[in-house]
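Scroll down for the structure; my scribbles are underneath it.
In mature numbering (1 follows the signal peptide of the UniProt record, and there is no 0), the protein residues as written are -20 to -1, 1 to 302.
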């Protein structure tokens, strides 16, 4: 069962069944309630939805509010909806740009050519360039935070500051995880069926939360729906990856923008020790860390109002623009 937790080589290790990784024979797949990209767009697209073509990839994004620009990037197996609550709290005073990673959410598929030639940072750079944005505060969670660190190292002229939550700094280990019976059963069932049903996602989100009651039924349904998209050929090709850590740690040391780590300390996967480890790699900048003792792996999903307050305080009080 431990093997079932490997997200992909050198990608954040969270549960992912075969149905979410690659296509299986058509006959076996026919009975599974997948949703096409068109169906997902009809269900979850709204008046704020926009589409841009970046490096040949169709990217779904939202650009809301007025003020200093925040770029928000979601984590693995999530979508830009991960930021809904934070955006609602902040868009009255910030311009907030967020997008679905390629092959996630409502963004288009990743071709073999794009998988081989496009870097995760290319999408952020390309979208901001199209929108005429030259300065951002980057806000990311989980592997979305990894992308932010890589972007800040590559483009110090673009990223003024970083706010990242529960972001890995090394290849993620899972041998310390202890599953409650409900999640262990849901995980075993999903592996047997090669499909993650709503019961799986309910157990998953509760396990990775400090308090599962904070995750609404609407949010749980959205995670289920987005992750039952018709299987993609290259679903994680443009997720920012740590790999063996050598290149990633080099880039982390090159970050010059100030960094705030917001850490859900009840995260069973990346414990507070992981926050200290990440801070240790950020040798070229000022790092501040705030631990949220009752929050799990997805702070913006679980406690959006608190995350929004911390983001605003860090930008406006701790690191104001000169």
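Virtual Cβ for every residue (Gly too), placed ideally from N, Cα, C.
### Query
Under the three-state reduction of DSSP, which class applies to residue 77: helix, strand or coil?
By one-based count along the chain shown, residue 77 stands at place 97. Correct three-state label for residue 77: strand.
### Query
With distances taken from CA atoms, which of 28, 237 and 136 is nearest residue 299?
Mapped onto the chain shown, residue 299 falls at position 319. Selected option, being the one with the closest Cα: 237.
### Query
Does the beta-carbon of residue 42 have 16 or more other beta-carbons within 10 angstroms, so that it is buried, or is it exposed?
Walking along the chain shown from the start, residue 42 turns up at place 62. Buried, because 16 or more other Cβ atoms sit within 10 Å of the Cβ of residue 42.
### Query
Which first and last residues belong to the alpha helix (DSSP H) in which residue 181 is found?
For this step, residue 181 is matched to residue 201 along the chain shown. In this chain, the alpha helix (DSSP H) harbouring residue 181 covers 178 to 187.
### Task
Drop a sphere of 10 angstroms on the beta-carbon of residue 191, count the other beta-carbons inside from all chains shown, and report buried for 16 or more, exposed for fewer.
Translated into the one-based positions of the chain shown, residue 191 becomes position 211. Classification of residue 191: exposed, given that the 10 Å Cβ count is below 16.
### Query
At a cut-off of 7 Å, is residue 163 close to the ligand NAD when judged by its beta-carbon and the heavy atoms of the ligand?
Here there are no bound small molecules, and the ligand NAD is not part of this structure.
### Message
Taking the alpha helix (DSSP H) that residue 296 belongs to, which residues open and close that run?
### Response
Here residue 296 corresponds to residue number 316 of the chain shown, with the count starting at 1. Run containing residue 296: none; DSSP gives neither H nor E here.
### Query
So residue 38 and residue 88 are in contact, right, with Cβ under 8 Å, and what is the actual spacing, rounded?
Counting from 1 along the chain shown, the entry for residue 38 is found at position 58. Counting from 1 along the chain shown, the entry for residue 88 is found at position 108. That pair is a contact at about 3 Å.
### Message
DSSP three-state label for residue 57, please.
### Response
By 1-based counting over the chain shown, the position of residue 57 is 77. DSSP places residue 57 in coil when its eight states are reduced to three.
### Task
With a threshold of 16 other CB atoms inside 10 Å of the CB of residue 23, please say whether the residue is buried or exposed.
Indexing the chain shown from 1 puts residue 23 at position 43. By the beta-carbon neighbour count (other beta carbons within 10 angstroms, threshold 16), residue 23 is exposed.
### Message
For residue 3, which residues in the same chain have their Cβ closer than 6 Å to its Cβ, ignoring the five residues on either side in sequence?
### Response
Here residue 3 corresponds to residue number 23 of the chain shown, with the count starting at 1. Annotation note: pLDDT 48 at residue 3 (below 50); position unreliable, no value reported.
### Task
Buried or exposed for residue 62, please, with buried defined as at least 16 other CB atoms from any protein chain shown within 10 angstroms of its CB.
On the chain shown, position 82 is the one that residue 62 refers to. So residue 62 counts as buried.
### Task
Thinking residue 140 and residue 283 are a contact (beta carbons under 8 Å), I'd like their distance in whole angstroms, please.
If you number the chain shown from 1, residue 140 lands on position 160. If you number the chain shown from 1, residue 283 lands on position 303. The pair is not a contact, with the Cβ atoms about 25 Å apart (cut-off 8 Å).
### Chain-order list of residues whose beta-carbon lies under 6 Å from that of residue 208 (same chain, five-residue window excluded)
Against the chain shown, residue 208 aligns to sequence position 228. Taking residue 208 as the centre and dropping the five residues before and after it, the same chain places the C-beta of 14 and 15 closer than 6 Å to its C-beta, in chain order.
#### Entry: Residue of 250, 83, 135 and 30 minimising C-alpha distance to residue 156
Numbered from 1 along the chain shown, position 176 holds the residue referred to as residue 156. Checked all of 250, 83, 135 and 30; the closest Cα to residue 156 is 250.
### Task
Just the C-alpha distance for residue 239 and residue 100, rounded to the nearest angstrom, thanks.
Residue mapping note: residue 239 aligns to position 259 of the chain shown, counting from 1. Residue mapping note: residue 100 aligns to position 120 of the chain shown, counting from 1. Pairing residue 239 with residue 100, the inter-Cα distance amounts to about 20 Å.
### Query
Should the region 64 to 75 be regarded as contacting the region 124 to 137, the criterion being three or more beta carbon pairs within less than 8 Å?
Contact between the region 64 to 75 and the region 124 to 137 is absent, because fewer than three Cβ pairs lie under 8 Å.
### Message
Quick test of your reading: residue 262 and residue 245, contact by CB under 8 Å. State the CB separation rounded to the nearest angstrom.
### Response
Residue numbering aside, residue 262 sits at position 282 when the chain shown is read from its first letter. Residue numbering aside, residue 245 sits at position 265 when the chain shown is read from its first letter. Going by Cβ atoms, the distance from residue 262 to residue 245 rounds to 19 Å, so no, they are not a contact pair.
#### Entry: Anticipated Cβ contact below 8 Å, residue 129 with residue 108, distance rounded
For this step, residue 129 is matched to residue 149 along the chain shown. For this step, residue 108 is matched to residue 128 along the chain shown. Contact doesn't hold; Cβ gap of about 16 Å is too wide.
### Query
What is the C-beta distance between residue 115 and residue 49, in whole angstroms, given that I count them as a contact (C-beta under 8 Å)?
Counted from its first residue, the chain shown places residue 115 at position 135. Counted from its first residue, the chain shown places residue 49 at position 69. A Cβ-Cβ distance of about 7 Å is found for the pair residue 115 and residue 49, placing them in contact under the 8 Å criterion.
### Task
Identify, in the order they occur along the chain, each residue of the same chain with its Cβ nearer than 6 Å to the Cβ of residue 295, setting aside the five sequence neighbours on each side.
Counted from its first residue, the chain shown places residue 295 at position 315. 117.
### Query
Taking the C-alpha atoms as reference points, what is the distance between residue 228 and residue 204?
Locating residue 228 in the chain shown gives position 248, counting from the first residue. Locating residue 204 in the chain shown gives position 224, counting from the first residue. Rounded to whole angstroms, residue 228 and residue 204 show a C-alpha spacing of 31 Å.
### Query
In this structure, what does DSSP give as the bridge partners for residue 52?
What you label residue 52 is simply residue 72 of the chain shown in a count that begins at 1. As a beta-bridge residue in DSSP terms, residue 52 pairs with 78 and 119.
#### Entry: Contact set for residue -18: own chain, Cβ-Cβ below 7 Å, skip 5 residues either direction
As a working note, residue -18 is residue 3 in the chain shown. Because residue -18 carries a pLDDT of 36, less than 50, the predicted location of this residue cannot be relied on, and the following value inherits that uncertainty. Same-chain partners within the cutoff: there are none.
### Query
Do you know offhand how far residue 93's Cα is from residue 280's?
Indexing the chain shown from 1 puts residue 93 at position 113. Indexing the chain shown from 1 puts residue 280 at position 300. Rounded to the nearest angstrom, the two C-alpha atoms are 33 Å apart.
### Query
Since residue 199 is in the alpha helix (DSSP H), which residue starts that stretch and which ends it?
Position 219 of the chain shown, counted from the first residue, corresponds to residue 199. Run containing residue 199: 197 to 206, per the alpha helix (DSSP H) assignment.
### Task
Compare the C-alpha of residue 182 against each of 112, 91, 197 and 27 and name the closest.
As a position in the chain shown, residue 182 is number 202, starting the count at 1. With distances taken between Cα atoms, residue 182 lies closest to 197.
### Query
Based on the DSSP output, what are the partners of residue 22 in its beta bridges?
The count along the chain shown starts at 1 and reaches residue 22 at position 42. None; residue 22 has no bridge partner.
### Message
I need the boundaries of the beta strand (DSSP E) containing residue 268, first residue and last residue.
### Response
The residue labelled residue 268 in the question sits at position 288 within the chain shown. That run of the beta strand (DSSP E) goes 267 to 272.
### Task
Leaving aside the five residues before and after residue 25 along the sequence, list all residues of the same chain whose C-beta is less than 7 Å from its C-beta, in chain order.
Your numbering for residue 25 matches position 45 in the chain shown. Its chain contains 86 as the residues whose beta carbon lies nearer than 7 Å to that of residue 25, once the 5 sequence neighbours on both sides are disregarded; these appear in chain order.
### Query
Between residue 103 and residue 235, what straight-line distance do the alpha-carbon atoms span, to the nearest angstrom?
Position 123 of the chain shown, counted from the start, is the residue given in the question as residue 103. Position 255 of the chain shown, counted from the start, is the residue given in the question as residue 235. The alpha-carbon atoms of residue 103 and residue 235 are separated by roughly 19 Å.
### residue 226 vs residue 81 beta-carbon contact at 8 Å
Looking up residue 226 in the chain shown gives position 246. Looking up residue 81 in the chain shown gives position 101. If you check the CB distance, residue 226 and residue 81 do not come in under 8 Å.
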